[in-house]
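Read through the structure below, which is laid out as structure tokens, and then see the notes.
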Amino acid sequence: MIVQFLKDRLGGSKPKASRVEVMAARPFRNPAVSWARETRDENAPPIALLKIPRRKDKFGNLMAKIFRLPEYRRLELDEIGSDVWELCDGETPVESLTKAICDRYKLNRRQAETSVTAYLKMLAERNLIALKAGQGQRTTDARVDKKRKSAAGTKRHRTI
Amino acid sequence: MRIIGWQGFTLETPESCDLTGYSGDFKSGYFRVDDSEELSVEIRWGTESERSKKEPDPEARRDTYFQSLQKEARKKKLSVQTKESDAPKRTQRPERLVSGFTWTGDKKAYGVAWYCRTCRRMTLAQVMGPRSGKSGIGNTAEAILGSIVCHSDDPEWRVWAIYDLQTQIPAEYDLVSQQLMNVYLRLTFARGAARLSVEQWSLANVARRGAYLDLWLAANAKGEMRQARYTVDETETQGHPAIALTGGPAFGTPMMELMKQTSRMQMPATRFSAQAWECEDSNKLYLIEGMRTFRGRDWVGDVVRRTLCHTNI
Numbered sequence: 056m057i058v059q060f061l062k063d064r065l066g067g068s069k070p071k072a073s074r075v076e077v078m079a080a081r082p083f084r085n086p087a088v089s090w091a092r093e094t095r096d097e098n099a100p101p102i103a104l105l106k107i108p109r110r111k112d113k114f115g116n117l118m119a120k121i122f123r124l125p126e127y128r129r130l131e132l133d134e135i136g137s138d139v140w141e142l143c144d145g146e147t148p149v150e151s152l153t154k155a156i157c158d159r160y161k162l163n164r165r166q167a168e169t170s171v172t173a174y175l176k177m178l179a180e181r182n183l184i185a186l187k188a189g190q191g192q193r194t195t196d197a198r199v200d201k202k203r204k205s206a207a208g209t210k211r212h213r214t215i
Numbered sequence: 014m015r016i017i018g019w020q021g022f023t024l025e026t027p028e029s030c031d032l033t034g035y036s037g038d039f040k041s042g043y044f045r046v047d048d049s050e051e052l053s054v055e056i057r058w059g060t061e062s063e064r065s066k067k068e069p070d071p072e073a074r075r076d077t078y079f080q081s082l083q084k085e086a087r088k089k090k091l092s093v094q095t096k097e098s099d100a101p102k103r104t105q106r107p108e109r110l111v112s113g114f115t116w117t118g119d120k121k122a123y124g125v126a127w128y129c130r131t132c133r134r135m136t137l138a139q140v141m142g143p144r145s146g147k148s149g150i151g152n153t154a155e156a157i158l159g160s161i162v163c164h165s166d167d168p169e170w171r172v173w174a175i176y177d178l179q180t181q182i183p184a185e186y187d188l189v190s191q192q193l194m195n196v197y198l199r200l201t202f203a204r205g206a207a208r209l210s211v212e213q214w215s216l217a218n219v220a221r222r223g224a225y226l227d228l229w230l231a232a233n234a235k236g237e238m239r240q241a242r243y244t245v246d247e248t249e250t251q252g253h254p255a256i257a258l259t260g261g262p263a264f265g266t267p268m269m270e271l272m273k274q275t276s277r278m279q280m281p282a283t284r285f286s287a288q289a290w291e292c293e294d295s296n297k298l299y300l301i302e303g304m305r306t307f308r309g310r311d312w313v314g315d316v317v318r319r320t321l322c323h324t325n326i
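Taken in order, these protein sequences are the chains called A and B. Take the first sequence: its letter number 63 is residue 118 in our numbering, and every next letter is one higher. Take the second sequence: its letter number 307 is residue 320 in our numbering, and every next letter is one higher.
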């Protein structure tokens, strides 16, 4: 019981989502992050350029003062990353997103699923996106909830 | 249906299945194919020595497997019910001694053990799926088990088919190394000092982005091409513009390797040839490359003709 309590307090027990739950989830972009597609290379399609606001809490403000941090950090996504980012609209489930990437880049389902889920995980870890539970599923788990809250309020954002 | 080809075995599985585990070589080994949910196929095999006169008994093999299953179940504190059963009709072939079985534990499995007189391999294949559910795996299992072939009709060639790569390699070459990544596959085969590699890259349009194919390959290939100096010619492969590379080992480490081969009393592999092309229909890049001895046959052209790119999509 004590071990479980400590695990919960320290965030050691992370709830695991099944593949079905993950595929039905709908990723959405952090509203605090502004973005636009820009052409960097004439031969390549426009890529997504993200503007990520810095932390605005006391610690963030202090660090910004000391190190003269800019208000925003810029992040360039690659071609496939830009397509995934654009599809993170809160409406498209991961399954459809994967299918769209499959069709666009002629990948097989497994290849696309592996790449897209790894990429979404990376974006979520950086608080750039969060996942909504799919329709007809049980309520979102604590981790997802935490990310959703984090994505909704600018105060909680951490810079990358 | 998807074709899986590994170490001389070929089988037809549902489209969602792919290779997820492997070990061993042509003589004895194991591989596993999974779909993303609950269906999985396992094949284990061992080769009978040519000296042994008595044909091995698949029923004995099955019983040994039952014993190991029971032992494992006891460790996990599960109960397993094993049962002998008739092998599916399509698995019963004139060159095979066959014995069927099923078991039920935390999963339900349908399996067959057989000994093939042609390739002298004792094989144990099983299809596992959920224990219950509205759609049982019986029919799927029968179809998969019936489709398993343990030796190719053409004894000179073996089918290798994993993920989106489907090719045929001369039977005298054995798999020595492989790299199976999400968007990059490499299979390297060897026979003595001779080497033969097949490399495939997905997302060709993103990866190459208009670069010259030979320059792109020089920077990205991981097979024999890294160890060769060569000249480049333009050619055509399966309707795609391609490049053909011919040459020999590069100076430095590859030359040292030649000396090692000579010191091992092996005929050194001194001839390099390769063909590469981009298939726009499947958005993939292919590189077939080989290093062979002076008198050795150049298999690259034949392997290229037997490699499917856009035709299977």
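We put the beta carbon where it would ideally sit given N, CA and C, even for glycine.
Per the Cβ contact rule, the segment 160-174 of chain A is in contact with the segment 187-203 of chain B (3 or more Cβ pairs under 8 angstroms). Under a 10 Å Cβ-count criterion, Val75/A is classified as exposed, with fewer than 16 other Cβ atoms of the shown protein chains found around its own Cβ.
C-alpha of Ala231/B to C-alpha of Asp187/B: approximately 25 angstroms in a straight line. Distance between Leu152/A and Tyr176/B, taken at the CA atoms: about 21 angstroms. For Trp140/A, the enclosing alpha helix (DSSP H) has its first and last residue at 134-142.
In terms of Cα proximity to Met135/B, the closest of Cys163/B, Val316/B, Glu155/B is Cys163/B. Of the candidates Lys89/B, Glu97/B, Cys129/B, Asp99/B, Cys129/B places its Cα closest to the Cα of Pro107/B. With a threshold of 16 other beta carbon atoms within 10 Å, Asn182/A meets it and is buried. Chain order gives the chain B residues near Glu134/A as Val219, where near means a beta carbon separation below 8 angstroms. It is roughly 34 angstroms from the alpha-carbon of Gly151/B to the alpha-carbon of Ala188/A. Only those residues of the segment 150-162 of chain A whose C-beta falls short of 9 angstroms from the nearest C-beta of chain B are listed: Tyr160, Lys161, Leu162.
Straight-line measurement puts the Cα of Glu185/B at about 14 angstroms from the Cα of Gly303/B. Assigned with DSSP and collapsed to three states, Trp127/B falls in strand. Setting aside the 5 residues that flank it on each side, Leu82/B is surrounded in the same chain by Val93, Thr95, Trp116, each with a C-beta closer than 7 angstroms to its C-beta; the list follows chain order.
The beta carbons of Ala241/B and Phe307/B sit no closer together than 8 angstroms. Those residues of the segment 86-112 of chain A placed with their C-beta closer than 9 angstroms to a C-beta in chain B are Asp96, Asn98, Ala99, ordered along the chain. For the C-beta of Arg222/B, the chain A residues within less than 7 angstroms are, from N- to C-terminus, Asn98, Ala99.
Within the same chain, Cβ atoms closer than 7 angstroms to the Cβ of Arg159/A are found at Asp138, the five residues on either side in sequence being excluded.
Contact between Arg109/A and Glu126/A is confirmed by a C-beta separation of about 6 angstroms, below the 8 angstroms threshold. From the listed residues Leu216/B, Ala138/B, Trp173/B, Leu200/B, the smallest Cα separation to Ile56/B is found for Ala138/B. Of all residues in the segment 190-201 of chain B, those with a C-beta nearer than 7 angstroms to a C-beta of chain A are Asn195, Val196, reading in chain order. Only those residues of the segment 282-296 of chain B whose C-beta falls short of 7 angstroms from the nearest C-beta of chain A are listed: Ser295, Asn296. When secondary structure is reduced to three states using DSSP, Glu180/A falls in the helix class.
Contact between Thr23/B and Val46/B is absent: CB atoms are separated by about 12 angstroms, not below the 8 angstroms threshold. With respect to the 8 angstroms criterion, Gly18/B and Trp173/B are classified as neighbours on the basis of their beta carbons. Taking a beta-carbon distance threshold of 8 angstroms, Asp177/B counts as an interface residue toward chain A. Pairing Arg84/A with Gly136/A, the inter-Cα distance amounts to about 13 angstroms.
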